[in-house]
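Below is one structure, written out as structure tokens, with a few remarks after it.
Residue numbers (the UniProt record's numbering): 1 to 450.
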């Protein structure tokens with residue numbers, strides 16, 4: 001079960017940096033419920049999920065995808081047999097996707113979020129516990145086993161099982177109505193190209209000077225809600241349509257003045273887009289289109305400050321995105337939306353429409369059907385005083401049918417891997433500010449520290 005809103009708010013409005021037991025907390029992580037559980041997971045995982053070849057926990061960074069997934073299966077065997085994990089699979093990989101396919105894809109997504117590392121290498125790289133805690137954002141050394149357990153804490157808080165996986169505040173009808181009424185104009189820059197069997201969904205952002213200023217004036221909590229909703233709608237699509245590919249994010253900067261990108265604005269954008277931390281490996285590529293030649297040249301210098309994996313995610317185009325889309329996804333120009341440089345019209349989902357969607361509604365209904373079938377077979381025996389909804393979900397908390405082959409019960413933190421994805425996007429914006437002031441190195445550090 002997740003915490004109730006009375007126990008811990010979903011989003012902490014305090015701007016100051018917060019920690020719990022020296023673990024840095026994001027705004028959506030509180031010190032009452034989330035922090036203590038994260039600390040337990042991390043402290044246990046730093047030893048019980050660390051790299052130890054003698055206990056069957058080798059370094060997996062250079063292993064094949066199949067072997068990495070098998071190690072992750074062993075390390076999170078108990079998590080995989082929970083209803084929450086099953087629901088997460090349906091949310092991220094599509095509720096119509098066959099379970100064995102969805103599971104394989106979801107585990108692959110988790111491994112990729114940690115660069116293929118399954119077990120924790122922090123103890124190897126950093127000798128003290130404090131140093132390990134300070135470097136939890138290093139997803140490559142964190143390991144997917146620990147990352148998964150931390151991610152599931154966050155996932156439970158966002159989708160509380162005791163309320164049928166609907167958050168009482170975020171998924172409420174009045175919240176959706178208010179979002180469409182008050183935020184549609186703010187997020188008008190963002191559109192979603194729906195997925196098909198041949199290509200994943202794509203998040204398209206046509207940056208304009210007025211739109212950026214409007215976004216920057218938005219309350220941080222409203223901005224967080226809009227960005228999270230946009231991510232969830234895009235992320236729920238790729239595997240649902242069996243394209244089997246992660247969505248790209250396409251950013252058109254043709255209509256945006258670089259004067260918008262001051263250091264203060266970059267810091268604010270970094271906070272708003274840190275919501276990507278909720279989602280393991282959210283985007284395959286960041287394709288920046290109609291980029292001025294000057295900024296393209298600056299990128300060739302600025303990318304040297306990024307990791308290799310971060311550099312590979314960015315694609316800088318001086319023209320539109322149509323050629324890149326055709327090369328990466330095989331979609332002909334005539335079938336691409338005009339916003340991306342194609343010829344197809346009315347292909348995009350506008351902000352007013354995607355803000356009103358409940359992207360995990362299909363996953364909820366599918367899980368309810370599956371649970372009803374299991375109850376019919378096994379019979380439901382639970383506390384007669386509990387509410388029907390609580391009985392419905394708690395009756396299916398399954399325990400592992402086998403012991404871990406690795407003997408692990410990992411616990412971890414470092415949600416960072418995904419935060420890095422958000423920061424990568426922010427770093428690109430930071431380059432724009434480079435035209436006016438600040439050395440590249442300093443701008444990069446400002447964005448990362450934020």
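All C-beta atoms in this analysis are idealised placements derived from N, C-alpha and C, irrespective of residue type, glycine included.
All values reported here derive from a predicted model rather than from experimental measurement.
- Per DSSP, reduced to three states, the secondary structure at residue 170 is coil, with no helix or strand assignment.
- When Cβ pairs closer than 8 Å are counted between the two stretches, the stretch 336-356 is seen to touch the stretch 173-184, the count reaching three or more.
- Scanning the stretch 101-140 from its first residue to its last, the whole alpha helix (DSSP H) runs of 4-plus residues come out as 122-125, 129-134.
- Contiguous alpha helix (DSSP H) elements confined to the stretch 316-341 occur at 322-329, taking only those with 4 or more residues.
- Here the C-alpha atom of residue 45 lies approximately 33 Å from the C-alpha atom of residue 223.
- When C-beta atoms of the stretch 4-16 are compared with those of the stretch 205-212, fewer than three pairs fall below 8 Å, so the two segments do not count as touching.
- Annotated three-state conformation of residue 28 is coil, per DSSP.
- Rounded to whole angstroms, the separation of the alpha carbons of residue 97 and residue 245 is 14 Å.
- Comparing C-alpha distances from residue 81 to each of 188, 134, 149, 108 shows the shortest one belongs to 149.
- Take residue 322, set aside five residues on each side of it, and the residues of its chain with a beta-carbon closer than 8 Å to its own are 333, 336, 340, 341, 342, in chain order.
- Going by DSSP, residue 287 is part of the beta strand (DSSP E) stretching over 286-289.
- The beta-carbon separation of residue 39 and residue 69, rounded to 28 Å, does not stay under the 8 Å limit for a contact.
- Between residue 227 and residue 159, the gap from beta carbon to beta carbon reaches 8 Å or more.
- By the Cβ rule, the stretch 87-102 does not count as touching the stretch 16-32, because fewer than three pairs are nearer than 8 Å.
- The beta carbons of residue 249 and residue 215 sit about 15 Å from each other, so the pair does not count as a contact at 8 Å.
- For residue 48, the enclosing alpha helix (DSSP H) begins and ends at 34-48.
- Within the same chain, 287, 288, 289, 291, 324 come within 7 Å of residue 317 by CB-CB distance, once the 5 residues on both sides are set aside.
- With a threshold of 16 other beta carbon atoms within 10 Å, residue 89 meets it and is buried.
- With a contact defined as Cβ atoms closer than 8 Å, residue 144 and residue 172 miss out at about 33 Å.
- DSSP places residue 148 in the uninterrupted alpha helix (DSSP H) bounded by 144-158.
- Assigned with DSSP and collapsed to three states, residue 251 falls in strand.
- If you draw a straight line from the Cα of residue 221 to the Cα of residue 271, it is about 10 Å long.
- Sorting 198, 213, 275, 174 by C-alpha distance to the C-alpha of residue 326 places 198 at the top.
- A straight-line Cα-Cα distance of about 30 Å links residue 346 and residue 219.
- When DSSP states are grouped into helix, strand and coil, residue 20 belongs to the strand group.
- Measuring C-alpha to C-alpha distances from residue 268 to each of 231, 297, 217, 255 identifies 217 as the nearest.
- A distance below 7 Å between beta-carbons, with the five flanking residues on each side excluded, links residue 72 to the following residues of its chain, in chain order: 107, 110, 111, 118, 144, 145.
- Out of 371, 85, 211, the CA that lies nearest to the CA of residue 185 is found in 211.
- Secondary structure note for residue 209: its alpha helix (DSSP H) is the uninterrupted segment 209-216.
- For the stretch 354-378, the full-length alpha helix (DSSP H) segments reaching 4 residues or more read 361-378 along the chain.
- Taking the Cα positions, residue 225 is about 15 Å away from residue 235.
- In this structure, the alpha-carbon of residue 137 lies about 10 Å from that of residue 23.
- Of the other Cβ atoms in all chains shown, fewer than 16 fall within 10 Å of the Cβ of residue 14; this residue is therefore exposed.
- Taking 8 Å as the cut-off, the Cβ atoms of residue 34 and residue 153 count as close.
- In the DSSP assignment, residue 85 falls within the unbroken alpha helix (DSSP H) covering 83-93.
- Here residue 2 is not near residue 122, since their CB atoms are 8 Å or more apart.
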